[in-house]
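Residue numbers (the working numbering), protein chains in the order written: chain A, 0 to 335; chain B, 0 to 335; chain C, 0 to 335; chain D, 0 to 335. Working notes, beginning with the structure itself.
Protein chains: 4
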Amino acid sequence: MDRKLRIGVIGAGRIGKLHANNLVNRVPKAELAAISDVYEPAAKALGEQLGVKYTADYHEILNDPSIDAVFICSSTDTHSPISIEAAKAGKHIFCEKPIDHDLDKIKAVLDEVKKAGVKYQVGFNRRFDRNFKHVHEVVKAGGIGDVHIVKVTSRDPEAPPLSYVKVSGGIFVDMTIHDFDMVRYLSGSEVEEVSAVGACLVNPEIGEAGDVDTCIITLKFANGALGVIDNSRQAVYGYDQRVEVFGSKGCITADNETPNNTTYYTAEGVTKEKPLWFFLERYNDAFIAEENAFVDACLNDTETAVGAFDGLQPVRIAIAAKESCEKGGIPVKVQG
Amino acid sequence: MDRKLRIGVIGAGRIGKLHANNLVNRVPKAELAAISDVYEPAAKALGEQLGVKYTADYHEILNDPSIDAVFICSSTDTHSPISIEAAKAGKHIFCEKPIDHDLDKIKAVLDEVKKAGVKYQVGFNRRFDRNFKHVHEVVKAGGIGDVHIVKVTSRDPEAPPLSYVKVSGGIFVDMTIHDFDMVRYLSGSEVEEVSAVGACLVNPEIGEAGDVDTCIITLKFANGALGVIDNSRQAVYGYDQRVEVFGSKGCITADNETPNNTTYYTAEGVTKEKPLWFFLERYNDAFIAEENAFVDACLNDTETAVGAFDGLQPVRIAIAAKESCEKGGIPVKVQG
Amino acid sequence: MDRKLRIGVIGAGRIGKLHANNLVNRVPKAELAAISDVYEPAAKALGEQLGVKYTADYHEILNDPSIDAVFICSSTDTHSPISIEAAKAGKHIFCEKPIDHDLDKIKAVLDEVKKAGVKYQVGFNRRFDRNFKHVHEVVKAGGIGDVHIVKVTSRDPEAPPLSYVKVSGGIFVDMTIHDFDMVRYLSGSEVEEVSAVGACLVNPEIGEAGDVDTCIITLKFANGALGVIDNSRQAVYGYDQRVEVFGSKGCITADNETPNNTTYYTAEGVTKEKPLWFFLERYNDAFIAEENAFVDACLNDTETAVGAFDGLQPVRIAIAAKESCEKGGIPVKVQG
Amino acid sequence: MDRKLRIGVIGAGRIGKLHANNLVNRVPKAELAAISDVYEPAAKALGEQLGVKYTADYHEILNDPSIDAVFICSSTDTHSPISIEAAKAGKHIFCEKPIDHDLDKIKAVLDEVKKAGVKYQVGFNRRFDRNFKHVHEVVKAGGIGDVHIVKVTSRDPEAPPLSYVKVSGGIFVDMTIHDFDMVRYLSGSEVEEVSAVGACLVNPEIGEAGDVDTCIITLKFANGALGVIDNSRQAVYGYDQRVEVFGSKGCITADNETPNNTTYYTAEGVTKEKPLWFFLERYNDAFIAEENAFVDACLNDTETAVGAFDGLQPVRIAIAAKESCEKGGIPVKVQG
């Protein structure tokens, strides 16, 4: 039988559970070796369910020489320090987004990863969505010629709890960060300047917490193209995730995913299915694909699909967008 | 200014009014000259509204040497005798479908038309629908290769009054006749054999009147292709008119027409517009196109788009379908 | 017969011809009375084709007491002076967009129209498109709740000649002006601030002429909503005209219009029709609807659907957008 | 950890491999215990790949008391005898379709299964397709009222090899059998009478082998509804699998599945993705769902979703359809 990659999952919250379960059931070349969580009951529950050892101390995972790689699924503030420790321990690293909110801390991770020569993949799972991947490939193959306009619509089905909003770092670094990665992925170019306008239209408490819940971000790319992202924390009809790339030879759009392809006709109207409710449903296959891609990159010693630099750039854009929004929409250069 | 075709409209019922109004407003090369209806108040109302002379006796129209052509929009039983009189009077003829329910009477019309050398067009307006016309053209141009399967879905939004059903000649000659024309138009081949099954599922009184309200008709074409038509007297969501032609190199489908192209997303669902309600809405442009085509054929002395033979064949198929249905679905040859 | 509105058309260019033909053939309550064009052969050709009197001097139309209304279809620089003269002559006025590029001149028109008590309608034909009209009505009826985001995609199939670009006043006042009207129409609110970024990606000569051919404009509305418009002078697949309004209770989108509703399946792919090529095809029915609406407003002494103030506001927004774009995308308040 | 169902797979051909792989990777409550194939190298290859024991003699599986259930994936002629042996051995049985071509042999299976009290599920995987399942549920819940018309379009992307056609039992029992199951599933009623017309339009050699490659089957249901199936052995654009159920309160349709939801616009046209190529792609998730359903039924001692009687009825309909087609389309009662 082929060699499998032995993996420890650090963090047994929602996303840690998701990865751990997929690694067991959907990633044939992975072998889940251990689970850790600072809250031991969470580690225990998941470890027992999946039949692997568990611990409250992730250092046990880092110190286990039989473990090849880690999935860092702990709270955001621990991503960069654990990344550095894991790199020093020689583990390949899959890190949930964002690496950090602080550019210097991210750069320190990049340095350490480079020094250690380990693989590093950031959890921008949407790149593995079948629709966005296809758009990326068509654009890359020249199918729409030179890119002129990139558009991303990204709306959550419901706003997170206020407690979450307060520690989230704000909509740009928490939510739009996925879209900042997406526009880089789709355009094949770096974002040089952004301007952002925001408003608090969904829930005034979000505004009182110093954040916005609705925003539009305009982008200028290094290759001359323009872009626009629109976000809302609440689309009552479900998770609205669409993209469009327009260029000199054409345009390609990606529509939402739905539970099925039926159409229902009655005297009241003609009804299609709503988009899948949220990211766990919409990006289920994308999560599995990113996990498989990471495992393959580690086993075959190839580049990861979403490298450490890809974790740095969206944070830079998010910082610029936040500044622009706070200053009423003035254009802000993305720090190089 | 270019010469216009002077036209008399015989019959001022629903379809006569429609043609008369279009001839005045939407057919630039037509000049409405007169209206007749055996029920004089109807003729008077329409004539006064449109500012043309009117009469209870259509012979006044046939005897008017300044009139070039007639639209026969009177009751079905008068179509063939008036067609013959009009041909003898040297008028070009646009005749609503069906020419007659009796094959011999239709053949008599064909003979007289041929002898008189006048133009004859039958009111199979659906051939002028932008969707079906495009399907016809793609098929004719070889776009789907050899035709293998022709499918027509044709459902009315609501059943006609029972009084109408009783004198209609039955669903096959009254309703399916349009579909029999359509399959000839789309396949480019003659129907050789049909088998039909019917049921009374919408309104039991239709069954008591000796008719069916739901049916499926299977067809064999001279070129070897197969076909199927499904009909219902009542689709509660509106007029359902779709076709599909499948062949050795592909398939082409035509969907319904809707009031607009919007999509509406709410927490309850995703809603598209229902099909246009009935034939006056759906085929409005098709009526105008068939009228213009007739006027052009008369003025330019070219073939009409839907000739007298095209009026004969669907009746032949309808007669065979009715026999098949009455005999429980046995295959019946279409009389040659 | 009902009274008809006697109309003189001033300007026999492309748009003047379109209106004159429609007034004759598609607007039952209109009577085309005269045509004028400073280039007399153009006036003559159109007048003779349509069988009405013609002149090189539009004052003949203004001085004709039998004429009730004028359509001002002459060059943009003449719109405001002729509007003022026509108002003084007591004629109802349909004026092509924009009224002027200069706010003071537009205000002078508004004053004169008010003083004269004549009807004034601006040629924002897209409000009469069946799709956008439906979106407007759903939004107005509260169908999507409070408006949060308004999106307009508006791309021409091909760039105009450079000679036209040079005198057009720039993309914002020439092309985006329709979209500025549309966002007001769809949002039901005034635009307070805009920021615009532009690029020259289609044709460098447009840049040399001091204009851009691709742009994205972000908008802030008085009711708190945000908006975004994206424009391109060249969409190789045809005229791309879509809108989307997103709010607290849902979202409504309007897709393009196509020549028909067929789908074509072959070994190479599944093909749908491209959007209708350009505005004459796409907005044909909208032109007819706006003409009928104007005639009705004049005959029934009701408000026009697109009043003089609706002609002023988009120019104000366009001026702000131009300034923002020239200053690299800084936010600019719309002059009140 | 929960108890797992220990399963032996009999037959290591295409479908046996598919089930064995899914049981290992996608059915958490299943444990693959053994593989058998009369061609030992096939059994060995699959057994070694999946790390389970293998044998050329399926009796080893039947005699292994640690094995709870079997998947019968061997050649069609062995389905009924192995079913009987497996039932006698007290194994739960998942049997690929058809159970047999001979009604008496199927009935013998039903008897034995009943006597043994084991679970029996037939491999009508399409019932587990997300689209058809949703249509079934809407119809069952009364969403379209009384069923009037059931339509199934079912076309393969390419004809099987002639060698296969010759031993297939003919199109009705080999290909349409899935559609006969589908119409029962969707209508919720038994088929009482069928009439079928067929033609050889794809490949004349299929005709020489005594079969047809294109057919249309009309159905009458016990509840009064009508139905129609159209089949082709070759749709060059891919696997075409659509259904429609029309009734007194509405209609519901299910469209094909595609690789993604993108739309591509160029000067040449607007392109959507083709349907997924064939059943392995289209019904991948449906296979997994049916396997999970079988395992659940066995572990929880509940009814299987597709019982032995569901394996009998489609063969009865296929036999009637074949007779009708051979007799030129006369209606044939389905044997009760």
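Every residue gets a Cβ at the ideal spot worked out from N, C-alpha and C, and that includes glycine.
{"Check": "Supposed close pair D/A11, D/A32 - CB separation, criterion 8 Å", "Outcome": "In fact, because the Cβ distance is near 14 Å, the residues do not count as touching under 8 Å."}
{"Check": "6 Å CB neighbourhood of D/T270 in its chain, flanking five on each side removed", "Outcome": "Y263"}
{"Check": "Option in C/S323, C/A319, C/V182 and C/V196 with minimal Cα separation from C/D309", "Outcome": "C/V182"}
{"Check": "Under 8 Å between C-beta atoms of B/L4 and B/L298", "Outcome": "yes"}
{"Check": "Under 9 Å from the C-beta of C/Y236: neighbouring residues of chain D", "Outcome": "Y264, T265, A266, E267, G268 and V269"}
{"Check": "Identified DSSP bridge partners for A/L31", "Outcome": "A/I6"}
{"Check": "Test item: CB-CB of A/E243 and A/K150 under 8 Å", "Outcome": "yes"}
{"Check": "A/V166 burial status per 10 Å Cβ neighbour count (16 or more: buried)", "Outcome": "exposed"}
{"Check": "Cβ-based burial, C/K139 [other Cβ within 10 Å; buried from 16]", "Outcome": "exposed"}
{"Check": "Integer-rounded CB distance, given that C/A317 should sit under 8 Å from C/V176", "Outcome": "Residue identity differs from the one stated: residue 176 of chain C is Ile in this sequence, not Val. Contact holds; Cβ gap of about 5 Å."}
{"Check": "Spatial distance of D/L61 from D/A253 (CA atoms)", "Outcome": "40 Å"}
{"Check": "Nearest candidate by alpha-carbon position, reference B/Y119, set B/F171, B/T301 and B/V134", "Outcome": "B/T301"}
{"Check": "Rounded C-alpha distance that separates C/A208 from C/H91", "Outcome": "37 Å"}
{"Check": "Neighbour flag for B/K104 against chain D, beta carbons, 8 Å", "Outcome": "no"}
{"Check": "D/V8 to D/L17 span [Cα, whole Å]", "Outcome": "10 Å"}
{"Check": "Min CB distance A/E256 to chain B below 8 Å", "Outcome": "no"}
{"Check": "Test item: CB-CB of A/V137 and A/I251 under 8 Å", "Outcome": "yes"}
{"Check": "Chain A contact for D/P339 (CB, 8 Å cutoff)", "Outcome": "Because chain D is modelled from 0 through 335, residue 339 of chain D falls outside the range shown and cannot be assessed."}
{"Check": "Beta strand (DSSP E) segment containing C/A68, residue limits", "Outcome": "A68 to I71"}
{"Check": "Cβ-based burial, C/R2 [other Cβ within 10 Å; buried from 16]", "Outcome": "exposed"}
{"Check": "Endpoints, the alpha helix (DSSP H) within which A/R315 is located", "Outcome": "A307 to E325"}
{"Check": "Start and end residues, beta strand (DSSP E) containing A/H100", "Outcome": "Taken as a continuous stretch (DSSP letters only), A/H100 belongs to no beta strand (DSSP E), as it is neither H nor E."}
{"Check": "Stretch-stretch touch, CB-based, cutoff 8 Å, three pairs: the region 64-72 of chain D with the region 43-56 of chain D", "Outcome": "no"}
{"Check": "Residue range of the alpha helix (DSSP H) that includes C/K219", "Outcome": "That residue, C/K219, is in no alpha helix (DSSP H); its beta strand (DSSP E) goes T213 to F220."}
{"Check": "Residues of the region 127-139 of chain B whose Cβ lies closer than 7 Å to any Cβ of chain C, in chain order", "Outcome": "R129, N130, H133, V134 and V137"}
{"Check": "Cβ shell of C/F131 (< 8 Å), same chain only, five flanking positions each side left out", "Outcome": "R125, M181, Y184, L185, V242 and A253"}
{"Check": "DSSP three-state assignment for D/M0, whether helix, strand or coil", "Outcome": "In this predicted model, D/M0 has a pLDDT of only 47, less than 50, meaning its place in the structure is not dependable enough to derive any value."}
{"Check": "Distance between D/F245 and B/G327 (C-alpha atoms, nearest Å)", "Outcome": "22 Å"}
{"Check": "Neighbourhood of D/F336 by C-beta, 6 Å cutoff - its chain only, sequence neighbours within 5 removed", "Outcome": "The first residue shown for chain D is 0 and the last is 335, placing residue 336 of chain D beyond what the model contains."}
{"Check": "C/E192 beta carbon less than 8 Å from that of C/V314", "Outcome": "no"}
{"Check": "For D/D110, the three-state DSSP class (helix, strand or coil)", "Outcome": "helix"}
{"Check": "Burial state of C/Y163 (16 or more Cβ within 10 Å)", "Outcome": "exposed"}
{"Check": "C-alpha distance - C/L228 paired with C/V201, whole-angstrom precision", "Outcome": "First, the residue type needs correcting, since residue 228 of chain C is Ile and not Leu in the sequence shown. Approximately 18 Å between the Cα atoms of the pair."}
{"Check": "Minimum Cβ-Cβ distance from B/K248 to chain C less than 8 Å", "Outcome": "yes"}
{"Check": "Below-8 Å beta-carbon distance, B/I148 vs any chain C residue", "Outcome": "no"}
{"Check": "Three-way DSSP call (helix, strand, coil) for C/A285 in this model", "Outcome": "helix"}
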